[in-house]
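In the numbering used here, the protein residues as written are -3 to 123. Cβ atoms here follow ideal geometry from the backbone N, Cα and C, with glycine treated the same way.
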Amino acid sequence: MFLWYLLAGISGGILGGMGMGGGTVLIPILTIFLSVKQHVAQAVNLVSFIPVGVVALIIHIKNKLVKKDGLLIIILPAVLFSVLASLLSVRLEGDFLSRFFGGFLLILSGIQFFSLEIQEKFSKNKK
-3 MFLWYLLAGI SGGILGGMGM GGGTVLIPIL TIFLSVKQHV AQAVNLVSFI
47 PVGVVALIIH IKNKLVKKDG LLIIILPAVL FSVLASLLSV RLEGDFLSRF
97 FGGFLLILSG IQFFSLEIQE KFSKNKK
């Protein structure tokens, strides 16, 4: 059991540090392999994101990979809607959240799979 928690932490940390969202791996590992309830897995993901995000952000700022233009336009609505979504998620059933998260991952993987075609289509529309 300890090994699975260690694997979850390592994979979540690696992906989170690379900016890919460690929760996309951490939450399924916790819920599928360790039988952690969806609400608890999401909470663990949020708590683990704090140190991972801070360290990754410091490294990316030092490497001049963070554009500061428009950050508030992204941060303010993200904070507002994360608060609203957190308040909503505690009122939803864990089964619904699991299905919603699974559907989200399927959509996200489809978008990622066709990302080159999507980028080409949007770049043609801008011309």
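Whole-Å CB distance - residue i paired with residue j, under 8 Å assumed
i           : j           : result
residue 107 : residue 114 : 7 Å
residue 94  : residue 27  : 6 Å
Close-in-space but distant-in-sequence residues of the same chain around residue i (CB under 6 Å, 5 per side omitted)
i          : result
residue 29 : 0
residue 25 : 4
residue 11 : 18 and 21
Residue burial classification, residue i (beta-carbon count within 10 angstroms, cutoff 16)
i          : result
residue 99 : exposed
residue 41 : buried
residue 37 : buried
Option nearest residue i by Cα separation, candidates the options
i          : options       : result
residue 52 : 70, 22 and 18 : 18
Beta-carbon spacing of residue i, residue j below 7 Å
i          : j          : result
residue 22 : residue 13 : no
residue 56 : residue 48 : no
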